[in-house]
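Chemist:
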Amino acid sequence: MVKKKKGGRLRGKFSDEIENEKVDTERQTSRRHLNSVDATVMPEHLEAQKLWNDGYSGQEVHVAIFDTGIDKSHKHFKNIDERTNWTSENQLHDGLGHGTFVAGIVASTSKKCPGFAPDAIIHTFRVFTNEQMSYTSWFLDAFNYAIFRKMNLLNLSIWFYVYFSLFVLEKKKKKDQSKSKQLCEWGGKKKKTYTHIT
């Protein structure tokens, strides 16, 4: 399926096109649970409350989460603006839990596990299947749509092959620099073949 936007072509499935989502409860039971971790420690340790007291809680900030998706009705998120699917699977919900976890670090409203910017506006870009598979073309289409939507921040919290990540980052940097945008990245290597970018 092809979506046309201002002369360009963007491939993806949007939330209004995937009806009657069925959540795979069998897969959900295999999610990792972090109940033993005191999740309030990190925002407290980084003194997030000072920013919140000064009125900085992510309001009007659009954050793109490139990951495994998010469940539309999740009770710990109040500002899920858009969910898109760039994979071959016909679903938007998070079948693994990783995308929901990452979005929670950004914008969870849970008192037991608060996000750093609970008022941020979340846009999820589902670029991984339930089998943890992805393709470069899915990322590039999703990047182009994120640029079109003028995201303020983009989060990639995933492992890549080094050559793939460098190619994607260079494409993103060139597009962003032409529009006076910033791309912050952190990279690390594991066994000289993978890099991690956030």
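Numbering (the numbering used here), first residue to last: -1 to 196.
Glycine is no exception: its CB is placed at the ideal position from the N, C-alpha and C atoms.
Return yes when the Cβ of T107 is within less than 8 Å of the Cβ of P116, no when it is not.
Modeler: Taking the first residue of the sequence shown as 1, we reach residue 116 at position 118. Taking the first residue of the sequence shown as 1, we reach residue 107 at position 109. Taking 8 Å as the Cβ cut-off, P116 and T107 qualify as a contacting pair.
Chemist: Once the 5 residues before and after A144 are set aside, which same chain residues still bring their CB inside 7 Å of it?
Modeler: Within the sequence shown, the letter at position 146 stands for residue 144. Exclusion of the five residues before and after A144 leaves A62, F123 and L152 as the residues of its chain whose Cβ lies within less than 7 Å of its Cβ.
Chemist: Bridge partners for N153 per DSSP, in chain order?
Modeler: For the purposes of this step, residue 153 is taken as the residue at position 155 of the sequence shown. In the DSSP secondary-structure assignment, N153 is bridged to I63.
Chemist: Going by Cα to Cα distance, which pick from K109, Y54, T85 and K70 is closest to T98?
Modeler: One-based indexing of the sequence shown puts residue 98 at position 100. Among K109, Y54, T85 and K70, the Cα nearest to that of T98 is on K70.
Chemist: Rounded to whole angstroms, how far is the Cβ of F64 from the Cβ of I120, which I believe are closer than 8 Å?
Modeler: Working through the sequence shown from its first residue, we reach residue 64 at position 66. Working through the sequence shown from its first residue, we reach residue 120 at position 122. Not really, about 12 Å apart at Cβ, beyond 8 Å.
Chemist: So the candidates are F146, C111, F141 and E129; which of them puts its Cα closest to the Cα of D92?
Modeler: Start at 1 with the first residue of the sequence shown, and residue 92 comes out as number 94. Taking only the C-alpha atoms, the option nearest D92 is E129.
Chemist: I'd like to check one pair, S135 with V125: are the Cβ atoms closer than 8 Å?
Modeler: Within the sequence shown, residue 125 is the residue found at index 127, counting from 1. Within the sequence shown, residue 135 is the residue found at index 137, counting from 1. In this structure, S135 does not lie closer than 8 Å to V125 by Cβ.
Chemist: Are N83 and G95 touching if we call contact CB-CB under 8 Å?
Modeler: What you label residue 83 is simply residue 85 of the sequence shown in a count that begins at 1. What you label residue 95 is simply residue 97 of the sequence shown in a count that begins at 1. It is not a contact, given that the beta carbons lie outside the stated cut-off.
Chemist: With the cut-off set at 8 Å, would you say V59 and A118 are in Cβ contact?
Modeler: To locate residue 59, count along the sequence shown from 1; it is residue 61. To locate residue 118, count along the sequence shown from 1; it is residue 120. In this structure, A118 lies closer than 8 Å to V59 by Cβ.
Chemist: Quick one: grab the DSSP three-state call for I68.
Modeler: One-based indexing of the sequence shown puts residue 68 at position 70. Of the three classes helix, strand and coil, the one that applies to I68 here is coil, per DSSP.
Chemist: If we ignore side chains and look at the alpha-carbon of each, how far apart do D73 and N88 end up?
Modeler: For the purposes of this step, residue 73 is taken as the residue at position 75 of the sequence shown. For the purposes of this step, residue 88 is taken as the residue at position 90 of the sequence shown. Reading off the sequence shown, one finds Lys at residue 73, where the question assumed Asp. Roughly 23 Å separates the two Cα atoms.
Chemist: Among L44, T85, F141 and V104, which residue has its Cα nearest to the Cα of I78?
Modeler: By one-based count along the sequence shown, residue 78 stands at place 80. That would be V104, whose Cα lies nearest to the Cα of I78.
Chemist: Return the first residue and the last residue of the beta strand (DSSP E) that D79 is part of.
Modeler: Locating residue 79 in the sequence shown gives position 81, where the first residue counts as 1. Going by DSSP, D79 is part of the beta strand (DSSP E) stretching over I78 to N83.
Chemist: Enumerate in chain order the residues of its own chain whose CB-to-CB distance from S86 is below 8 Å, with the five nearest sequence positions on each side excluded.
Modeler: Position 88 of the sequence shown holds residue 86. Closer than 8 Å at Cβ, skipping near neighbours: T127.
Chemist: Between which two residues does the alpha helix (DSSP H) holding F141 run?
Modeler: Stepping through the sequence shown from its first residue, residue 141 is reached at position 143. F141 -> alpha helix (DSSP H) spans T134 to F146.
Chemist: Could you check whether F114 and P41 sit closer than 8 Å to each other, using their CB atoms as the reference points?
Modeler: The residue you call residue 41 lines up with position 43 of the sequence shown. The residue you call residue 114 lines up with position 116 of the sequence shown. In this structure, F114 lies closer than 8 Å to P41 by Cβ.
Chemist: Rounded to the nearest angstrom, what separates F137 and N51 at their Cα positions?
Modeler: Mapped onto the sequence shown, residue 137 falls at position 139. Mapped onto the sequence shown, residue 51 falls at position 53. Between F137 and N51, the C-alpha separation is close to 37 Å.
Chemist: How far does the alpha helix (DSSP H) with F123 in it reach, from first residue to last?
Modeler: Residue 123 sits at position 125 when you count from the first residue of the sequence shown. Annotation: F123 is outside any alpha helix (DSSP H); the continuous beta strand (DSSP E) that includes it extends over I119 to R124.
Chemist: Suppose the cutoff is 6 Å on Cβ atoms and the five residues either side in sequence are ignored; what does the same chain contact list for G56 look like?
Modeler: For the purposes of this step, residue 56 is identified with residue 58 of the sequence shown, where counting begins at 1. Cβ neighbours of G56 beyond the five flanking positions: A115, D117 and A118.
Chemist: Roughly how many angstroms lie between the CA atoms of Q47 and L90, to the nearest whole one?
Modeler: As a position in the sequence shown, residue 47 is number 49, starting the count at 1. As a position in the sequence shown, residue 90 is number 92, starting the count at 1. Between Q47 and L90, the C-alpha separation is close to 32 Å.
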